[in-house]
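The following block contains the structure:
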């Protein structure tokens, strides 16, 4: 077996401790998205603030698993974590908006 | 080392998050499944109350007022549940911090019915949404619901290619691992929409507990401060004990019926300042909680109905989670779906252990995990069975009877957990599973005879539906437990 092939094969495997680290990163990012959505949503409704908050909660509960699975699943070249981090940043910035 | 591919990554996430949260989720789903029939269970748990009754009269409603007054003087917030298709009895109820305790009345005469005090079917409801631990329990349950969405999502990614073919495969007599995997997939795939719907709506109901619309620091402050202020304010405490004169209820009820339509009133709630006459949850899929408010001098105050599109959506989500609007058929569908989802989670726990037994079976942590699994998968139904036995065998006169029922449940569950974990640590794995399953089979099988012996006027061939259904389900549980115990290697 050539050294190149061996190292490529090694790269194709991951230790459980690394997976735990990935889970933590994915969890924090997905939680940030959900938290910012619920935090900001009450300011996004022009009329009834309660309605906007309820809508934010509906979106947040659906967004958390999607973001979590995306961040954990699409780990190659950190595509998933980067996308979810961007969404979290956008949601964080959106908390500054008050309609 | 694990192959770094999407499917294996998701398999790892599915297995570990499924096991860790599955231990809790199996209790949440099992208690939720039982709580679908909470009203009917309360009737089983109070066998002195007749299974049928005459229609509600105005006089009967007025007869409940002295009891209401007593409860108001104790700073309770009592409410009267009007007779319905599910329960023909007039009941005065109040929340004791955990369950809704009830005092039954004859809806025709208003005479209080002598029945044993019981936590009733709402015990399982409280266990389902708060683990009987108030706000802390709600946080755990809501968080587990959120995690269930992740477990379900990762499970779909793993099985995406085989989703339909797996539906057609069940090999109960093949190798054990294969057979359990078939059970897991077969219980999962057809009921995925149900599991998703319940996880999503259930989590949404209490989202505020884990994702508050304010920063976490502010919500912690808000949670602490009002309690301290309330405890230090003697003026507020004094105000609570003053109970105003109660007005005749039937004119208020008839006025409210003009707004919400006749037969659509579900309950009359007595708050310190006013009386709310509320629409029944059975009136439709949207749990509107529309109410007409009256002052204690009998004057109309307001009619409250929230109708914005998002509030309506929220009401529908609550309605489809609680399923109080569905008839008996819909509730049975929920019961079967809940049972299948419980089996899905339970078989997942078993699979997790089976796959790791060869490599890690000797490790202490594995044996503890197996002990926990026994405590949850067998200990929980064992405790439920013990709860029903306790209800019928505890003496009726004790004031603390409701608490004793709860103690029986938790004592049996604790004993099962101690034996389960202790036995597994001592490497008596098979004996632990067998003994607990055997005890479950015996207790469940004898629940029917116990019901007949402890229910006045009970005959085998003329058993009212609620009693027959509970007894037959217990018999089915006994048969399944016996069969699993028999096939254990």
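Residue numbers (our numbering), protein chains in the order written: chain A, 432 to 530; chain B, 3 to 491. Even for Gly, the Cβ is constructed at its ideal location relative to N, Cα and C.
Practice problem: Given a cut-off of 8 Å, decide if residue 287 (chain B) and residue 338 (chain B) are closer than it, judged by their beta-carbon atoms. | Solution: no
Quiz item: Enumerated in chain order, which unbroken segments of the alpha helix (DSSP H) with a length of 4 residues or greater are wholly contained in the segment 12 to 50 of chain B?
Solution: 40 to 47
Practice problem: Scan the segment 420 to 456 of chain B and note each continuous alpha helix (DSSP H) run of 4 residues or more that stays entirely inside, going in chain order. | Solution: 431 to 447 and 449 to 456
Quiz item: Between which two residues does the beta strand (DSSP E) containing residue 135 (chain B) stretch?
Solution: Per DSSP, residue 135 (chain B) belongs to no beta strand (DSSP E) and is neither H nor E.
Quiz item: Does DSSP put residue 2 (chain B) in a helix, in a strand, or in coil?
Solution: Outside the modelled stretch of chain B, which goes from 3 to 491, sits residue 2 (chain B), for which no answer is possible.
Practice problem: Could you give the DSSP three-state label for residue 306 (chain B): helix, strand or coil? | Solution: strand
Practice problem: Could you round the C-beta distance between residue 2 (chain B) and residue 375 (chain B) to whole angstroms and report it? I think they count as a contact, below 8 Å. | Solution: Outside the shown range of chain B, which is 3 to 491, sits residue 2 (chain B), and nothing can be said about it.
Exercise. Go ahead and pull the three-state DSSP assignment for residue 263 (chain B).
Key: coil
Quiz item: Who are residue 293 (chain B)'s beta bridge partners in DSSP?
Solution: B:280 and B:306
Quiz prompt | Extent of the continuous beta strand (DSSP E) to which residue 93 (chain B) belongs | solution = 92 to 97
Self-check item: Sub-8 Å separation of residue 31 (chain B) and residue 153 (chain B) beta-carbons
Solution: no
Quiz item: Would residue 480 (chain B) pass as a contact of residue 419 (chain B) if the rule is Cβ separation under 8 Å?
Solution: no
Quiz item: Does any C-beta atom of chain A lie closer than 8 Å to the C-beta of residue 152 (chain B)?
Solution: yes
Quiz item: Do you know how far the Cα of residue 435 (chain B) is from the Cα of residue 436 (chain A)?
Solution: Per-residue confidence for residue 436 (chain A) stands at a pLDDT of 49, beneath the threshold of 50, marking its modelled position as unreliable; the derived number appears in the next sentence. Residue 436 (chain A) and residue 435 (chain B): Cα-Cα distance of roughly 48 Å.
Exercise. Use the C-beta contact count for residue 56 (chain B): other C-beta atoms within 10 angstroms, 16 or more gives buried, fewer gives exposed.
Key: exposed
Quiz item: In or out: residue 36 (chain B) buried (at least 16 other Cβ within 10 Å) or exposed?
Solution: buried
Self-check item: Simplified DSSP assignment, three categories, for residue 529 (chain A)
Solution: coil
Exercise. Using a Cβ cut-off of 8 Å (strictly closer), state whether residue 5 (chain B) contacts chain A.
Key: yes
Quiz item: Any beta-carbon of chain A closer than 8 Å to the one on residue 206 (chain B)?
Solution: yes
Self-check item: Alpha-carbon spacing of residue 481 (chain A) relative to residue 151 (chain B), whole angstroms
Solution: 25 Å
Self-check item: Alpha carbon of residue 2 (chain B) to alpha carbon of residue 379 (chain B), nearest angstrom
Solution: Nothing about residue 2 (chain B) can be read from this structure; chain B reaches only from 3 to 491.
Quiz item: Pick from B:484, B:404 and B:363: whose alpha carbon is nearest that of residue 384 (chain B)?
Solution: B:484
Quiz item: What in chain A is Cβ-close to residue 287 (chain B), meaning under 7 Å?
Solution: Correct list: empty, because the minimum Cβ distance to chain A is about 17 Å.
Quiz item: Going straight from the alpha carbon of residue 524 (chain A) to that of residue 312 (chain B), what length do you get?
Solution: 24 Å
Quiz item: Would residue 484 (chain A) be called buried (16 or more neighbouring beta carbons within 10 Å of its own) or exposed?
Solution: buried
Quiz item: In three-state DSSP terms, what is residue 320 (chain B)?
Solution: helix
Practice problem: Closer than 7 Å by beta-carbon distance: list the chain B residues that pair up with residue 466 (chain A), in chain order. | Solution: 213
Practice problem: Leaving out five residues on either side along the sequence, give the residues of the same chain with a beta carbon under 6 Å from the beta carbon of residue 127 (chain B). | Solution: 37 and 40
Quiz prompt | Endpoints, alpha helix (DSSP H) assigned at residue 467 (chain B) | solution = 467 to 489
Practice problem: Within the same chain, show all residues whose beta-carbon is closer than 7 Å to that of residue 191 (chain B), passing over the 5 residues directly before and after it, in chain order. | Solution: 165, 168 and 169
Practice problem: Go ahead and label residue 124 (chain B) buried or exposed: buried means 16 or more other beta carbons lie within 10 angstroms of its beta carbon, across all protein chains shown. | Solution: buried
Quiz prompt | Option nearest residue 17 (chain B) by Cα separation, candidates B:369, B:389, B:347 and B:63 | solution = B:347
Quiz item: Going by alpha carbons, who is nearest to residue 517 (chain A) out of A:474, A:467, A:472 and A:487?
Solution: A:467
Practice problem: Would you decide whether residue 402 (chain B) is buried or exposed? Buried here means 16 or more other CB atoms lie within 10 Å of its CB. | Solution: exposed
Exercise. Indicate the three-state DSSP secondary structure (helix, strand or coil) for residue 102 (chain B) in the structure shown.
Key: strand
Self-check item: Reduced DSSP secondary structure (H/G/I, E/B, other) of residue 432 (chain A)
Solution: With a pLDDT of only 45 at residue 432 (chain A), under the threshold of 50, the placement of this residue in the model should not be trusted, and no figure is reported.
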